[in-house]
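Scroll down for the structure; my scribbles are underneath it.
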Amino acid sequence: MSLPPFVNEPVLELRRAAERRRLTDALDALQLPLRVPVWIDDERRKGDELISTDPGAPERVVALAARATQAEAAAAVATAKRGFARWSAVPAGERAAALLRAAAWMRERRAELAALALRECAKPWADADADVCEAIDFLEFYARGAIELDARPTLLQPPGERNELRYVARGVCAVIAPWNFPLAIPMGMAAAALATGNSVVLKPAEQAPGCGLRIVEALRVGGVALDAIALLPGEGDAGAALARDPDVATIAFTGSSAVGLELLRTAAEVAPGARQLKRVVAEMGGKNCIIVDADADLDEAVPAIVDSAFGYAGQKCSAASRALVHESIHDLLVERLTGAVQGLQIGPADDFATDVPPLIERDARDRVRRYAELAAREGTPAVGARDVPQDGWYCAPVLATGLPHDSELLRDEIFGPLLAVEAVRDVDEACDRVDALPVALTGGLFSRNPRTVDHVVARSPVGNLYVNRAITGAMVGRQPFGGNRLSGTGTKAGGHDYLLQFVEPRVVTENTVRHGLVV
Ligand SMILES: NC(=O)c1ccc[n+]([C@@H]2O[C@H](COP(=O)([O-])OP(=O)(O)OC[C@H]3O[C@@H](n4cnc5c(N)ncnc54)[C@H](O)[C@@H]3O)[C@@H](O)[C@H]2O)c1
Numbered sequence: 123m124s125l126p127p128f129v130n131e132p133v134l135e136l137r138r139a140a141e142r143r144r145l146t147d148a149l150d151a152l153q154l155p156l157r158v159p160v161w162i163d164d165e166r167r168k169g170d171e172l173i174s175t176d177p178g179a180p181e182r183v184v185a186l187a188a189r190a191t192q193a194e195a196a197a198a199v200a201t202a203k204r205g206f207a208r209w210s211a212v213p214a215g216e217r218a219a220a221l222l223r224a225a226a227w228m229r230e231r232r233a234e235l236a237a238l239a240l241r242e243c244a245k246p247w248a249d250a251d252a253d254v255c256e257a258i259d260f261l262e263f264y265a266r267g268a269i270e271l272d273a274r275p276t277l278l279q280p281p282g283e284r285n286e287l288r289y290v291a292r293g294v295c296a297v298i299a300p301w302n303f304p305l306a307i308p309m310g311m312a313a314a315a316l317a318t319g320n321s322v323v324l325k326p327a328e329q330a331p332g333c334g335l336r337i338v339e340a341l342r343v344g345g346v347a348l349d350a351i352a353l354l355p356g357e358g359d360a361g362a363a364l365a366r367d368p369d370v371a372t373i374a375f376t377g378s379s380a381v382g383l384e385l386l387r388t389a390a391e392v393a394p395g396a397r398q399l400k401r402v403v404a405e406m407g408g409k410n411c412i413i414v415d416a417d418a419d420l421d422e423a424v425p426a427i428v429d430s431a432f433g434y435a436g437q438k439c440s441a442a443s444r445a446l447v448h449e450s451i452h453d454l455l456v457e458r459l460t461g462a463v464q465g466l467q468i469g470p471a472d473d474f475a476t477d478v479p480p481l482i483e484r485d486a487r488d489r490v491r492r493y494a495e496l497a498a499r500e501g502t503p504a505v506g507a508r509d510v511p512q513d514g515w516y517c518a519p520v521l522a523t524g525l526p527h528d529s530e531l532l533r534d535e536i537f538g539p540l541l542a543v544e545a546v547r548d549v550d551e552a553c554d555r556v557d558a559l560p561v562a563l564t565g566g567l568f569s570r571n572p573r574t575v576d577h578v579v580a581r582s583p584v585g586n587l588y589v590n591r592a593i594t595g596a597m598v599g600r601q602p603f604g605g606n607r608l609s610g611t612g613t614k615a616g617g618h619d620y621l622l623q624f625v626e627p628r629v630v631t632e633n634t635v636r637h638g639l640v641v
């Protein structure tokens, strides 16, 4: 099977009135609440124990989902184990074709899917549209990657010996997903596992079961066998049950460091009678810093920093959390950032003018408010309290300066619209502060000096470093994404190596100088 080269799905041009209308029409047409079942093979168990609501209007119910029990988690794995035997035997080209049909299904419904992500997770239009595009990109990219992986790599073949290396699927993959990219991230992990011949049990985030349903629909309509993909809506206990199950070979997880580390511990326990080591693909949290040197172009740096820190209310894993600024321009940059942050529009996700939407849920809003209060007590908030809409989980953007070195605000992943700005003597002091962190997801640098750029690149431990641009918005195939240190197991979603996490290599060596053939 030969496919045209991969290209990223183009995002919508939202300056065009017709595109905006297409999206708002899709939002008006959304029939809510969605009913999300536990969906194993062709069995659907409906329920309403899990309720996902619109973060901007919490009285609006977006999805009523069944909450998977431990027994259902076990049943989903048992079915996926049976499904694995068949799905792994399907030729790579046919598996890829199923993923491409799933991508086409999503493309046809991209306005409706963006509207759902907007309602369920308060993703503003541009972010919601980008989320759909990224999900499509993962399907297209991993479909091609699986075909490439299947084309046997060439080993040395001395006379009289034939050597062959094959990559084979590992087994059942538990996909445990976060809510902040409710379509792209679960689809990415599921698509990678399925493309390489594994079967999947998808546990979407409890905040986004409606998006989880659409992912499984897309894959099944595309042609993934019913017993090769199950939907298991639920909370953390459902994810934990999947991770413990001895028949789960791979855990593909994206979420907080606390949960990811727990999953790594669970996987390290080899259950009695287990015949396989569990592998964990974990993409976790960060504490992302942008270094701004004295020679930075502030006309570029200010909007990029504001976008990185406050876009989607700071709820992207790649979002900027600290700005480490050369002391000679610190006050000027704070003044300019203050003006920019004061100008941000806080509002509902469906308003095209919104910069800062509500946070995902009440707990998140309360947590970020506590950090904002701490910023006011410990430092000098350059931008602080401000009126926000009452209905919904809104939080005003905060710019905190003058924090003590040991402040929790400089250590914890806040996951909200709060940026700490610190003065540093020079770029090396900034690098030291970045290096002192146990996490290393994304980072940024603003400098006009190529030698400074090279120096910071050499010293930077992060998985994704962005120079003279915003630090969010990684694109499949262009910026393979994932963190180092405690931010992740070092895999790169949307990169060429990613699929290797989902397969095991097998080498066959045959002595071909045998004495005669038995035919
Ligand atoms: N590195 C990345 O690529 C990346 C991308 C997106 C989000 N994130 C991180 O995700 C976090 C935000 O997402 P979240 O709030 O959904 O994370 P979370 O860790 O709370 O939840 C993620 C998933 O894990 C499940 N879960 C919770 N407890 C569990 C347990 N004990 N065992 C198994 N599963 C369990 C949840 O139900 C959910 O499906 C942030 O820390 C962010 O940095 C990282």
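Straight run, no breaks: the sequence shown in our numbering ends on number 641. Glycine included, every Cβ here is placed at the ideal spot set by N, Cα and C. These figures come from a predicted structure and were not determined experimentally.
Take residue i as the anchor and find which of the options has the nearest alpha-carbon.
i	options	result
Pro127	Glu262, Asp272, Ala442, Ser378	Glu262
Val414	Arg142, Ser609, Phe568	Phe568
Ile73	Asp147, Asp164, Gly332	Outside the modelled stretch of the chain, which goes from 123 to 641, sits residue 73, for which no answer is possible.
Ala380	Gly407, Val254, Ala196	Gly407
Thr175	Val630, Leu399, Arg241	Arg241
Gly605	Ala562, Val490, Leu238	Ala562
Ala396	Leu385, Val370, Val402	Val370
Pro177	Ala435, Gly215, Asn285, His527	Ala435
Asp251	Leu149, Ala233, Glu216	Ala233
Ala273	Gly215, Ala148, Val338, Asp147	Gly215
Ile440	Ala423, Gln467, Glu405	Just to set this straight, residue 440 is Ser in the shown sequence, not Ile. Of Ala423, Gln467, Glu405, the residue nearest in Cα terms is Glu405.
Pro519	Val584, Ala187, Pro480, Ala237	Pro480
Ala188	Pro627, Pro159, Asp419	Pro159
Ala445	Pro394, Ala552, Leu466	Ala552
Val294	Ala196, Asp548, Ala220, Gly585	Ala196
Gly538	Cys517, Arg636, Leu608, Asp548	Cys517
Arg217	Leu271, Ala193, Glu256	Leu271
Trp209	Lys614, Ala558, Val505, Arg342	Arg342
Pro394	Pro213, Asp367, Asp429	Asp367
Does DSSP put residue i in a helix, a strand or coil?
i	result
His527	coil
Leu186	strand
Lys325	strand
Cys295	strand
Ala330	coil
Ile373	strand
Ile337	helix
Leu455	helix
Pro127	coil
Glu357	coil
Val254	helix
Ala347	coil
Pro627	strand
Ala211	coil
Less than 8 Å between the C-beta atoms of residue i and residue j, yes or no?
i	j	result
Ser378	Ala202	no
Gly565	Pro511	no
Trp515	Leu353	no
Leu112	Leu278	Any question about residue 112 goes unanswered here, given that the chain covers just 123 to 641.
Asn410	Ile593	yes
Lys400	Ile427	no
Val543	Val447	yes
His618	Gly267	yes
Val490	Leu459	no
Thr611	Gly282	no
Pro280	Pro326	no
Asp253	Leu324	no
Asn130	Val598	yes
State the CB to CB distance for the pair residue i and residue j, rounded to an integer number of angstroms; the pair is presumed to be in contact (CB under 8 Å).
i	j	result
Phe474	Arg144	At roughly 13 Å, the Cβ-Cβ gap does not stay under 8 Å, so Phe474 and Arg144 are not in contact.
Leu532	Leu525	6 Å
Ala365	Ala296	6 Å
Ser582	Val556	7 Å
Ala314	Leu639	Ala314 to Leu639, Cβ: 41 Å. No contact.
Ala360	Gly205	The Cβ separation is near 19 Å, so there is no contact.
Trp247	Leu136	6 Å
Taking 7 Å as the cut-off, is the beta-carbon of residue i closer than that to any non-hydrogen atom of ligand 3?
i	result
Glu483	You won't find ligand 3 in this model; what it holds is ligand 1.
(message) Which runs of the beta strand (DSSP E) at least 3 residues long sit entirely within the segment 376-449? Give them in chain order.
(response) The segment 376-449 contains these whole beta strand (DSSP E) runs: 401-405, 410-414, 442-448.
(message) Give the list of continuous alpha helix (DSSP H) stretches no shorter than 4 residues that lie fully inside the segment 556-621.
(response) Runs of the alpha helix (DSSP H) inside the segment 556-621: 572-581.
(request) Taking only runs that begin and end inside the segment 134-201, name each unbroken beta strand (DSSP E) of 3 or more residues, in chain order. (result) The qualifying runs are 156-158, 160-162, 165-167, 172-176, 179-187.
(message) So within the segment 460-548, which uninterrupted beta strand (DSSP E) runs reach at least 3 residues, ignoring any that extend past its ends?
(response) Taking 3 residues as the shortest admissible run, the segment 460-548 contains the following complete beta strand (DSSP E) segments, listed from N- to C-terminal end: 502-505, 520-523, 540-546.
(request) Only counting runs of 4 or more residues, tell me where the alpha helix (DSSP H) segments fall wholly within the segment 258-302, in order along the chain. (result) Counting whole runs of 4 or more residues, the segment 258-302 contains no alpha helix (DSSP H) stretch at all.
(request) Just list the alpha helix (DSSP H) runs in the segment 218-248, keeping only unbroken ones of 4 residues or longer that don't cross its boundaries, in chain order. (result) Listed in chain order, the complete alpha helix (DSSP H) runs (minimum 4 residues) inside the segment 218-248 are 232-243.
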